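Participant: One structure, as structure tokens, below. Some questions next.
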Amino acid sequence: ETAIIERYRRRESSVEEALIEMYLAGVSVRRVEDITEALWGSKVSPANISELNKKAYVHIEDWRNRPLQGGRYPYVYVDGIYLRRNWGGAYENVSVLVAIAVNEDGFREVLGAAEGMKEDKASWVSFFQWLRGRGLDGVKLIVGDKCMGMLEAVGEVFPEAKYQRCTVHFYRNVFSVVPRTKVRIVAK
40 ETAIIERYRR
50 RESSVEEALI
60 EMYLAGVSVR
70 RVEDITEALW
80 GSKVSPANIS
90 ELNKKAYVHI
100 EDWRNRPLQG
110 GRYPYVYVDG
120 IYLRRNWGGA
130 YENVSVLVAI
140 AVNEDGFREV
150 LGAAEGMKED
160 KASWVSFFQW
170 LRGRGLDGVK
180 LIVGDKCMGM
190 LEAVGEVFPE
200 AKYQRCTVHF
210 YRNVFSVVPR
220 TKVRIVAK
């Protein structure tokens, strides 16, 4: 009997994960209803989808605000990325600041991501202070693009750390101004 119950729980958990993934991928609630009806013969109500999303967001916020307990993080990679988001049927570009670090044991860890900020100094200062408040310590080197706001914030929040320009961003910037016919020559 317990094996049957356990199988049911696993299946229910998988269904819940699929519903959350559909919603987070931008599938409308109405479309999720149609998909569930086609797959299982019954619709999942918008209220159920909303409850599942609330549960998911609690876990996401717990992860985002967890204390950083990986020891010291000597190397931190930061970047601001822009994503298109569907919010209430309207698409908009949103900025997400991201930090990934390498701890003293050489393991990488995503430290945090914050949506809705810009790549200006005030946003980077706020982001770095948030990370520091959660336990980011021992930073020796920060690697990022040549965003002036980020550079100024590094000097303010992590004066002991050195900055290095990300080579991927550097090469992208170089190749963006090189004529297509000359890219192979420059790449050598």
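Each residue of the sequence shown is one higher than the one before, starting from 40 at the first, in the working numbering. All C-beta atoms in this analysis are idealised placements derived from N, C-alpha and C, irrespective of residue type, glycine included. Please read these numbers as outputs of a predicted model, since none were measured by experiment.
Less than 7 Å between the C-beta atoms of Y62 and N92, yes or no?
Facilitator: Along the sequence shown, one-based indexing puts residue 62 at 23. Along the sequence shown, one-based indexing puts residue 92 at 53. In contact: Y62 and N92 (Cβ atoms closer than 7 Å).
Participant: What are the boundary residues of the beta strand (DSSP E) that L180 is part of?
Facilitator: For this step, residue 180 is matched to residue 141 along the sequence shown. Its beta strand (DSSP E) spans residues 180-183.
Participant: Please give me, in chain order, every unbroken run of the beta strand (DSSP E) with length at least 3 that falls completely inside the stretch 156-207.
Facilitator: Counting only runs of 3 or more, we get 180-183, 201-204.
Participant: For the beta strand (DSSP E) holding S134, just list the boundary residues, first then last.
Facilitator: For this step, residue 134 is matched to residue 95 along the sequence shown. Here the beta strand (DSSP E) through S134 covers 129-141.
Participant: DSSP three-state call for N36: helix, strand or coil?
Facilitator: The chain is shown only over 40 to 227; residue 36 falls outside these bounds and no answer can be derived.
Participant: Quick check: what's the CA-CA separation for V115 versus V54?
Facilitator: Counted from its first residue, the sequence shown places residue 115 at position 76. Counted from its first residue, the sequence shown places residue 54 at position 15. C-alpha separation (whole angstroms): 36 Å.
Participant: Please name the residue, chosen from G183, V222, E199, A226, that lies closest to T206 on a Cα-to-Cα basis.
Facilitator: Taking the sequence shown and counting its residues from 1, the one referred to as residue 206 is at position 167. Out of G183, V222, E199, A226, G183 has the C-alpha closest to the C-alpha of T206.
Participant: What would DSSP say about D118, mapped onto helix, strand or coil?
Facilitator: For the purposes of this step, residue 118 is taken as the residue at position 79 of the sequence shown. Correct three-state label for D118: strand.
Participant: Am I right that N142 and G109 are in contact with their C-beta atoms under 8 Å? What's the rounded C-beta distance?
Facilitator: On the sequence shown, residue 142 is found 103 positions in, with the first residue counted as 1. On the sequence shown, residue 109 is found 70 positions in, with the first residue counted as 1. Indeed, because the Cβ distance is near 4 Å, the residues count as touching under 8 Å.
Participant: Can you give me the start and stop residues for the beta strand (DSSP E) that A231 sits inside?
Facilitator: No statement about residue 231 is possible, as the shown extent of the chain runs from 40 to 227 and does not include it.
Participant: Quick one: grab the DSSP three-state call for R70.
Facilitator: Counting from 1 along the sequence shown, the entry for residue 70 is found at position 31. In this structure, R70 counts as helix in the three-state DSSP scheme.
Participant: Would you say the stretch 184-197 touches the stretch 163-174, given that touching needs at least three Cβ pairs under 8 Å?
Facilitator: Result yes; three or more Cβ-Cβ pairs closer than 8 Å.
Participant: How many angstroms separate the CA atom of R124 from the CA atom of L136?
Facilitator: For the purposes of this step, residue 124 is taken as the residue at position 85 of the sequence shown. For the purposes of this step, residue 136 is taken as the residue at position 97 of the sequence shown. Answer to the nearest angstrom: the Cα atoms are 15 Å apart.
Participant: Alpha helix (DSSP H) containing N87: first to last residue?
Facilitator: The sequence position of residue 87 within the sequence shown is 48, counting from 1. From DSSP, the alpha helix (DSSP H) with N87 extends over 85-103.
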